[in-house]
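Enquirer:
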Amino acid sequence: MKRKKSRKRQLGRDLLFCVACLVASAALLWGGWQDVQNMLEIRQSIEDNEEKAAQLEQRQDDLETTRENLDNPDYIEYIARGRYLVTKEGEQVFKFPTLQETEE
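Numbering of the sequence shown is given in our numbering, commencing with residue 831 and proceeding in unit increments.
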């Protein structure tokens, strides 16, 4: 009779140990999965930020080029004549519609 009780107790302890191991394994797997998801989100964020940084560097280069061009009198004249239709005395300017204007 003692053997049956000790076997039942041993079986109960083994079962409890297995359940505890399963719960611990599940908790570790869940934590690992969350870490993997977090890592993937961080990688995506890094890629997005690198893309934004590249765009900003390109914008900065464009602005620096424009700033350098503003020191050039020929460029200023080109902008004034093209955008603002500034003319020299006695000069006539004819503005032709662009493709975008004709489509609208």
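Every residue, glycine too, gets a C-beta built ideally from N, C-alpha and C.
Relative to the C-alpha of E921, which candidate in T928, R911 and P927 has its C-alpha closest?
Expert: R911
Enquirer: Taking 8 Å as the threshold (beta carbon to beta carbon), is R889 in contact with chain C?
Expert: Of the protein chains in this structure there is only one, and it is not chain C.
Enquirer: Kindly give me the distance between the Cβ atoms of L929 and V923, rounded to whole angstroms, as I take these residues to be in contact under 8 Å.
Expert: L929 to V923, Cβ: 20 Å. No contact.
Enquirer: Just how far apart, CA to CA, sit D901 and E887?
Expert: Taking the straight line from one Cα to the other gives about 22 Å.
Enquirer: Which of helix, strand or coil does DSSP assign to F847?
Expert: helix
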